[in-house]
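These notes concern the structure reproduced below.
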Amino acid sequence: MNTLLNTIISIIVAFSISGGVAGMSEVDPAEATQDFINGISSGNQQITASYMDNQYVNFLENVKGSDEEMDRLETALFKNLDYKIAETAVKGNVAVAKVEVTTNDFSGVMDDYEKESYKYVMDNLYDSKVTDKSQLNKKCMDIYLDQVEETAKDGKTVKKEIFIPMEDNGYYGWKILLNDEIMKTLVGGLELPDSK
Numbered sequence: 018m019n020t021l022l023n024t025i026i027s028i029i030v031a032f033s034i035s036g037g038v039a040g041m042s043e044v045d046p047a048e049a050t051q052d053f054i055n056g057i058s059s060g061n062q063q064i065t066a067s068y069m070d071n072q073y074v075n076f077l078e079n080v081k082g083s084d085e086e087m088d089r090l091e092t093a094l095f096k097n098l099d100y101k102i103a104e105t106a107v108k109g110n111v112a113v114a115k116v117e118v119t120t121n122d123f124s125g126v127m128d129d130y131e132k133e134s135y136k137y138v139m140d141n142l143y144d145s146k147v148t149d150k151s152q153l154n155k156k157c158m159d160i161y162l163d164q165v166e167e168t169a170k171d172g173k174t175v176k177k178e179i180f181i182p183m184e185d186n187g188y189y190g191w192k193i194l195l196n197d198e199i200m201k202t203l204v205g206g207l208e209l210p211d212s213k
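According to the working numbering, the stretch in the sequence shown is residues 18 to 213, in order.
This is the structure we're talking about:
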C-alpha cells in the first residue's frame with residue numbers, strides 16, 4: 018500500500034505547479050480532506066467557490082432552479098454519504114489521502130430521467146408547456162430531482178476507494194487537486210443532465 022501511495026505522490030510531484038519546496042503545513046492532510054468533503058456535501062460556499070472549474074461543483078452551484086430545489090438536490094445527493102480516511106502520505110509539498118467512500122448509487126438516474134422526460138414530452142406533445150422553454154426546463158428539473166430523491170430513499174449504496182491528491186497552498190494548509198472522478202464518486206456516479 019505504501020508503494021502505491023508513494024507512486025501517486027511521485028506523479029503529483031512531477032506535475033506539481035508549485036515552485037520550490039514549501040514549509041511543513043500546520044493542517045494535516047486528513048483534516049484538509051475532511052474539511053473538503055464536509056464542505057462540498059454541505060454546500061459551504063467558501064469551499065465550493067474554490068472549485069468552480071469542476072463541472073460537478075459548477076453544476077451544484079449554478080444549475081437553474083429555485084433555492085428550495087437546490088436544497089432538495091444537495092440533501093438527496095449527500096443523504097447517505099459516509100467516508101473514512103484510511104491513510105495519508107506526505108512528500109515535500111504534496112500529499113495524498115486514501116478515502117473509502119460509501120454513497121447512494123446514482124449511476125442509473127440519467128437513464129431513468131431520460132425515460133421519464135421523454136414520456137412527459139410524448140404524453141403532453143400538444144400541450145403549450147412543451148413548447149414553452151422555461152416551463153419545459155422547470156418540468157425537466159422536477160423530473161431530475163424526483164429521480165435523485167427516489168434513488169436516495171431507496172437506500173441502495175455503493176462503496177468505492179478514491180485517492181485525493183493535494184498540494185501545499187503556501188498558507189499552512191492543503192489545496193485539493195480536484196478532478197471529475199473524485200466528485201463523481203462523492204455523488205454516487207451521478208451523470209449530469211448536460212453531460213450526454
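Cβ coordinates follow ideal geometry from the N, Cα and C atoms, glycine included.
Source: prediction; values computed, not measured.
So, at 8 Å on beta carbons, what are the nonlocal neighbours of residue i in its own chain, with the 5 sequence-adjacent residues on each side left out?
i: residue 198; result: 179
i: residue 164; result: 126, 129, 130, 133
i: residue 171; result: 121
i: residue 173; result: 121, 122
Considering only DSSP beta bridges, list what residue i is partnered with.
i: residue 179; result: 116
i: residue 104; result: 115
i: residue 174; result: 121
Looking only at its chain, what residues have a beta carbon closer than 7 Å to the beta carbon of residue i, apart from the 5 residues adjacent to it on each side?
i: residue 86; result: 158, 162
i: residue 177; result: 118, 202
i: residue 95; result: 58
i: residue 76; result: 209
i: residue 137; result: 156, 160
i: residue 186; result: 192
i: residue 200; result: 71, 73, 74
Report all residues from its chain with a CB closer than 6 Å to the CB of residue i; omit the five preceding and five following residues, and keep chain order.
i: residue 208; result: 127
i: residue 98; result: 58, 120
i: residue 103; result: 115, 117
i: residue 60; result: 91
i: residue 175; result: 122
So what does DSSP say about residue i, is it helix, strand or coil?
i: residue 185; result: strand
i: residue 43; result: coil
i: residue 121; result: strand
i: residue 136; result: helix
i: residue 192; result: strand
i: residue 165; result: helix
i: residue 198; result: helix
i: residue 38; result: Summary for residue 38: the model assigns pLDDT 44, below 50, so the residue's position carries little reliability, and this model does not support an answer.
i: residue 212; result: Note on residue 212: pLDDT 47, under 50, position unreliable in the model; the coordinate value appears next. DSSP places residue 212 in helix when its eight states are reduced to three.
i: residue 144; result: coil
i: residue 153; result: helix
i: residue 203; result: helix
i: residue 56; result: helix
Report back the beta-carbon spacing between residue i and residue j to the nearest angstrom; my notes put them in contact at under 8 Å.
i: residue 183; j: residue 47; result: That belief does not hold up - the Cβ atoms of residue 183 and residue 47 are roughly 11 Å apart, past 8 Å.
i: residue 71; j: residue 194; result: Not really, about 11 Å apart at Cβ, beyond 8 Å.
i: residue 124; j: residue 205; result: 7 Å
i: residue 44; j: residue 191; result: 6 Å
i: residue 166; j: residue 66; result: Their Cβ separation, rounded to whole angstroms, is 26 Å, which puts residue 166 and residue 66 out of contact at 8 Å.
i: residue 100; j: residue 64; result: Incorrect: roughly 15 Å between the Cβ atoms, too far for contact.
Would you say residue i touches the ligand GDP, meaning its beta carbon is less than 6 Å from a heavy atom?
i: residue 178; result: This structure lacks the ligand GDP, and indeed carries no ligand of any kind.
Problem set entry | 3-residue-minimum beta strand (DSSP E) runs that sit fully inside the segment 58-102, ordered along the chain | none
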